[in-house]
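Below is one structure, written out as structure tokens; the observations come after it.
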Amino acid sequence: MTLVILALLIWLVAWWANVRLAETGARAARYAVPVIFGLTILVMWELIVRGLEVSPVILPAPTAIADRFAASLGTLWIDFVQTVVKGAFTGYAMGCSAAVLAAIIIDRSPFLTRGLLPVGNFVAALPIIGVAPIMVMWFGFDWQSKAAVVVVMVFFPMLVNTVAGLRDTDSMQRDLMRTYGASYWQTLLKLRLPAAMPFIFNGLKIATTLALIGAIVAEFFGSPIKGMGFRISTSVGQLAIDMVWAEIVVAAIVGSGFYGGVALLEKAVTFWHPSQRGRA
Amino acid sequence: MRNALPVLTVVGVIVVIWYIAAIWMNSTWALQMAERLGRDMEFTDLVVATMTQDRPLVAAPHQVVVALWDGVFGHAVTSKRSFVYHGFVTLEATLWGFALGIVIGVGLAIAIVHSRAVDMSVMPWAVISQTVPIVALAPMIVVVANAVGVEDRLLPKAIISAYLSFFPVLVSMVSGLRAPNQMQLDLLKTYGANRSQVFWKLRLPASLPYFFASLKVAIAASLIGAIVGELPTGAINGLGARMLIGSQFGQPLIMWAALFAAAILAGILIIAVGTIQRAADRRMGVAR
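Protein chains in written order, with the working numbering: chain P, 1 to 280; chain Z, 281 to 568.
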């Protein structure tokens with residue numbers, strides 16, 4: 001019981017510190033406040049799990065998860081390569097580039113654009129994840145089927161965003177290119193694609209999460225004896241919940257890192273856009 | 281309505297491509313069968329053979345329509361073979377998750393707008409929470425719910441739905457509650473309004489268009505959450521479970537039909553939320 005009371009005390013102290021920090025408005029506070037908040041949650045989790053003696057089958061303590069993580073680095077790495085590098089990244093690259101190419105082709109015909117945008121928007125909102133069993137049936141249990149699910153999942157959000165981005169130039173800019181005597185390809189490469197970049201990156205960022213979800217879910221429908229989705233479903237069956245949490249930690253790190261990487265790239269490519277200007 | 285013709289054309293082209301894919305992908309099996317029987321196959325025979333398989337690689341559109349029709353109208357709505365029954369199971373989880381997501385999203389947004397400390401602590405973690413693939417958590421939420429003694433599968437599915445749907449509501453509500461400009465806030469200050477009066481009479485009404493706009497995204501996310509919640513958990517009821525059963529017991533037609541049933545459910549939900557949004561916009565005097 002003392003541990004639980006200690007946890008509440010730590011919460012109060014940390015929250016008071018955060019309130020004070022937030023009031024200062026210092027630049028360092030922007031990073032310190034969320035970090036303190038996260039750490040407090042972790043410490044409270046640890047103390048409450050120990051204090052109330054929660055069964056590790058329900059919720060293991062953070063230290064137990066860290067132990068398991070350190071002990072099974074090899075397994076986690078194999079799963080990471082299988083699911084993320086082979087499944088998610090391959091599918092992400094193929095799906096996104098296919099969608100951008102398709103958008104450029106569609107964009108040449110206003111008729112197709114008007115027809116495909118509503119359809120694409122609708123399909124992007126559907127539970128596409130349901131194609132996972134079909135893809136496993138077509139491409140077998142290995143990573144190819146996972147990559148195929150990812151391709152289908154990222155394609156439509158990416159297509160809709162790119163088509164919208166390609167339409168984002170105004171007639172004044174296009175007229176300027178025409179007075180320069182620019183050809184279609186010159187206009188595309190020098191004006192319209194750069195102008196579409198904020199939209200394209202919006203699509204790329206949405207697709208990062210979808211890619212990981214697709215690759216993991218597809219493994220629930222059949223996989224070789226490695227991969228994050230496989231490990232999660234078998235570990236749940238064995239009640240090895242600490243292993244599940246270790247995989248969740250991997251997924252969280254990969255998910256945030258993937259998203260952060262694309263966001264950094266966006267900052268470098270679209271430095272001219274109002275949403276990026278004025279940020280350090 | 282201006283877009284009706286282009287949209288119909290695109291849908292028509294997709295159906296044609298689908299038929300061609302069905303003929304192409306199913307032909308291998310059909311040719312093997314013909315060879316085994318020692319028969320030659322004309323092209324027309326081949327086309328017929330690819331359209332009528334029980335376990336096709338690609339179910340032809342009309343087969344899906346038949347399976348869907350049978351699933352919706354062929355059985356009593358309480359039957360375990362009826363898509364209406366499974367659709368309602370999924371819909372129930374979707375709506376509970378949607379409601380929970382709205383409560384969490386709006387609640388957090390109110391706290392964030394009123395306290396800088398909450399804003400700075402919670403907002404970065406809310407963003408990070410959406411980059412974590414929820415499916416990694418899904419099987420565990422179900423096991424924990426079981427261990428704690430929650431027997432039915434509604435709650436874990438609703439939690440997964442809420443996890444996916446609270447974020448769009450949160451982001452929109454934060455912008456919505458911050459939408460009143462300085463002049464409007466100053467006016468209320470000259471009236472001597474306190475914080476709760478500013479909230480009820482200015483911030484909340486100003487945020488409603490943002491709120492309704494976010495619901496469309498949230499309901500789609502919520503349905504995806506409910507279906508994902510059914511996949512890895514050995515559920516036997518719900519559209520996601522139908523897909524899983526179709527895949528594991530070699531009944532691809534059920535799998536295809538369940539996929540389209542889920543798509544139709546998504547369409548109905550999005551249209552319903554869109555109608556509510558338009559009605560609300562009209563009442564709020566937002567020009568469309």
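By construction, the Cβ of each residue, glycine as well, lies at the ideal position given by its N, Cα and C atoms. Here the structure is a predicted model, which means the values were calculated and not measured.
In angstroms, rounded to a whole number, what distance separates the CA positions of residue i and residue j?
i, j, result
"P:A148", "Z:I548", "28 angstroms"
"Z:Q557", "Z:K481", "21 angstroms"
"P:F139", "Z:L337", "11 angstroms"
"Z:A379", "Z:L450", "13 angstroms"
"P:W185", "P:R108", "11 angstroms"
"P:L159", "Z:H355", "39 angstroms"
"Z:S362", "Z:L371", "14 angstroms"
"Z:L503", "Z:E315", "45 angstroms"
"Z:D334", "P:A102", "34 angstroms"
"Z:Y299", "Z:I551", "28 angstroms"
"P:L8", "Z:A438", "29 angstroms"
"P:A252", "Z:N474", "42 angstroms"
"Z:I294", "P:N18", "55 angstroms"
"Z:G526", "Z:T374", "22 angstroms"
"Z:D561", "Z:S487", "12 angstroms"
"Z:M305", "P:M135", "13 angstroms"
"Z:E510", "Z:L519", "8 angstroms"
"P:L3", "P:V43", "11 angstroms"
"P:F155", "P:T187", "25 angstroms"
"Z:D325", "Z:T308", "13 angstroms"
Using the beta-carbon of each residue, which ones in chain C are nearer than 9 angstroms to residue i?
i, result
"P:L116", "The structure shown contains no chain C; its protein chains are P and Z."
Does the Cβ of residue i have 16 or more other Cβ atoms within 10 Å, making it buried, or fewer, making it exposed?
i, result
"P:E23", "exposed"
"P:A124", "buried"
"P:A70", "exposed"
"P:V119", "buried"
"P:R231", "buried"
"P:V13", "exposed"
"P:G257", "exposed"
"P:M243", "buried"
"Z:S476", "exposed"
"P:S233", "buried"
"Z:Q312", "exposed"
"Z:L495", "buried"
"P:G165", "buried"
"P:Q82", "buried"
"Z:H342", "exposed"
"Z:T330", "buried"
"Z:G318", "exposed"
"P:S171", "exposed"
"P:N161", "buried"
"P:S235", "buried"
"Z:P485", "exposed"
"P:V85", "exposed"
"P:W286", "The requested residue 286 of chain P does not occur in the structure, where chain P is confined to residues 1 to 280."
"P:S183", "exposed"
Mind reading off the beta-carbon distance from residue i to residue j? Whole number of angstroms is fine, and I expect it under 8 angstroms.
i, j, result
"P:S223", "P:G229", "6 angstroms"
"P:A66", "P:R50", "14 angstroms between Cβ atoms; not a contact."
"P:I104", "P:L112", "Not quite, the Cβ-Cβ distance comes to about 12 angstroms (not below 8 angstroms), so this is no contact."
"Z:A506", "Z:S441", "5 angstroms"
"P:K250", "P:L76", "Just to set this straight, residue 250 of chain P is Val in the shown sequence, not Lys. Going by Cβ atoms, the distance from P:V250 to P:L76 rounds to 6 angstroms, so yes, they are a contact pair."
"P:E219", "P:K267", "With 8 angstroms as the limit, P:E219 and P:K267 do not qualify as a contact, their Cβ atoms being about 33 angstroms apart."
"Z:M400", "P:P34", "6 angstroms"
"Z:V393", "Z:L444", "The pair is not a contact, with the Cβ atoms about 23 angstroms apart (cut-off 8 angstroms)."
"P:T209", "P:V262", "Rounded, the Cβ-Cβ distance is 10 angstroms, inconsistent with contact."
"P:V269", "Z:V415", "Between Z:V415 and P:V269 the Cβ distance is about 30 angstroms, and since that is not below 8 angstroms, they are no contact."
"Z:I384", "Z:F323", "Their Cβ separation, rounded to whole angstroms, is 58 angstroms, which puts Z:I384 and Z:F323 out of contact at 8 angstroms."
"Z:A542", "P:P133", "That belief does not hold up - the Cβ atoms of Z:A542 and P:P133 are roughly 12 angstroms apart, past 8 angstroms."
"Z:P286", "P:M137", "Not a contact, Cβ separation roughly 33 angstroms."
"Z:A310", "Z:A340", "That pair is no contact at about 12 angstroms."
"Z:S455", "Z:F491", "Their Cβ separation, rounded to whole angstroms, is 10 angstroms, which puts Z:S455 and Z:F491 out of contact at 8 angstroms."
Is residue i a contact residue of the ligand GDP, with contact defined as CB to any heavy atom under 7 angstroms?
i, result
"P:L212", "As presented, the structure is devoid of all ligands, the ligand GDP included, so that no description of it is given."
Which residues of the stretch 321-333 of chain Z have a Cβ closer than 7 angstroms to any Cβ of chain P? Give them in chain order. none
Within 7 angstroms of chain Z by C-beta, residues of the stretch 212-224 of chain P in sequence order: L212, I213, I216, V217, F220, F221
When Cβ atoms are compared, which residues of the stretch 537-548 of chain Z fall closer than 8 angstroms to chain P? A538, L539, A542, A543, A546, G547
Looking at chain Z, which residues of the stretch 181-196 of chain P have a Cβ within less than 7 angstroms of any of its Cβ atoms? none
For the stretch 232-263 of chain P, which residues have a beta carbon sitting closer than 7 angstroms to at least one beta carbon of chain Z? I232, S233, V236, I241, V244, E247, I248, A251, A252, G255, S256, Y259
Residues of the stretch 36-58 of chain P with a CB closer than 8 angstroms to any CB of chain Z: list them in chain order, please. I36, F37, G38, S55, V57, I58
For the stretch 493-514 of chain Z, which residues have a beta carbon sitting closer than 7 angstroms to at least one beta carbon of chain P? A500, L503, I504, I507, V508, L511, P512
Residues in the stretch 124-137 of chain P having any Cβ partner in chain Z nearer than 9 angstroms: A124, A125, L126, P127, I128, I129, G130, V131, A132, P133, I134, V136, M137
Using a Cβ-Cβ cut-off of less than 8 angstroms, give me the residues of the stretch 73-84 of chain P that come near chain Z, in sequence order. none
Along the stretch 454-467 of chain Z, what residues have a CB closer than 8 angstroms to any CB found in chain P? none
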